[in-house]
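Enquirer: One structure follows; several queries about it will come next.
In the numbering used here, the protein residues as written are 134 to 415.
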């Protein structure tokens, strides 16, 4: 089946919330591990169904930012997705505190409970309006980028369609493609700055309401970074600077020589061009 043929139907949000309440009660009142296993399977089916429809709406809205139907659908998920946080969190809490947790860990592994413990710290019902605002800002940014129409090579191109020109064997074309790309961002700089500023404020407020010092602490939990910390990342970055950067510099010098450009003239728009005979076609 082609993506364009995949059926789309907006989920019934009230039914979804009701179904999760039933599943939560099923776990809380379970008299056997098998009953909890059944609830987990039903949860996976529910979650997969909602996620599929949400993804279809998201992709189709970015394929054509002028499609009013899918723009409205995307707005629906931005507004209502956070409302699902509370019923899904209640279900997670039921699993997390289940008297059959040893059996659950044996069947599914203990990692899901480590991740669940992190996820449970990332939501409270009172942050729903802030999550909605965060979603809208993210969608606003993605829609702006997807809507780009750049005059280049006698055509009107999106940023994605401009990408092959950045790998052209002709150095001037590469240069001009980068200039055209940068011109789009520059012409929308005030819009982009406003989105970024608003996003920083919203995410900082979300973090503070959840009891974190800043958004970085929350972001580690959102990404379920369960085996390394900011301190570990700092050590990793130091290693990159010390060990990887010198190797990359050597590789780039060889690349410049290979494509016939003096190493001291190798620049941003030369970087994607790897071979004198041309890159594989993107």
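Think of the CB as a built atom: it goes at the ideal place given N, C-alpha and C, for glycine as much as any other residue.
1) Residue 181: which of 344, 170 and 149 sits nearest, CA to CA?
2) Just how far apart, CA to CA, sit residue 183 and residue 234?
3) Span of the alpha helix (DSSP H) holding residue 369?
4) Use the C-beta contact count for residue 320: other C-beta atoms within 10 angstroms, 16 or more gives buried, fewer gives exposed.
5) Between which residues of its own chain and residue 258 is the CB-CB distance below 8 Å, once the five residues before and five after are set aside?
6) Among 199, 407 and 284, which has the Cα closest to the Cα of residue 314?
7) Would you tell me roughly how many angstroms separate the C-alpha atoms of residue 158 and residue 222, rounded to the nearest one?
8) What does DSSP give as the partner residue(s) for residue 285 in the beta ladder?
9) Tell me which same chain residues have a C-beta within less than 6 Å of the C-beta of residue 291, skipping the five on either side of it?
10) Over the uninterrupted alpha helix (DSSP H) stretch that includes residue 311, give me the two end residues.
11) I'd like to know if the region 397-404 and the region 300-309 are in contact, where contact means that at least 3 CB-CB pairs between them fall below 8 Å.
12) Grouping DSSP H, G and I as helix and E and B as strand, with all else coil, what is residue 157?
13) Following the continuous alpha helix (DSSP H) through residue 225, name the residue where it begins and the one where it ends.
14) Between residue 192 and residue 164, what straight-line distance do the alpha-carbon atoms span, to the nearest angstrom?
15) Skipping 5 residues on each side, what residues in its chain have a beta carbon closer than 6 Å to that of residue 276?
16) Residue 147: buried (16+ other C-beta within 10 angstroms of its C-beta) or exposed?
17) Could you give the first and the last residue of the continuous alpha helix (DSSP H) run that contains residue 208?
Expert: Short version:
1) 149
2) 26 Å
3) 363-372
4) exposed
5) 218 and 219
6) 284
7) 13 Å
8) 288
9) 281
10) 304-320
11) yes
12) helix
13) 218-229
14) 42 Å
15) 198
16) exposed
17) 201-213
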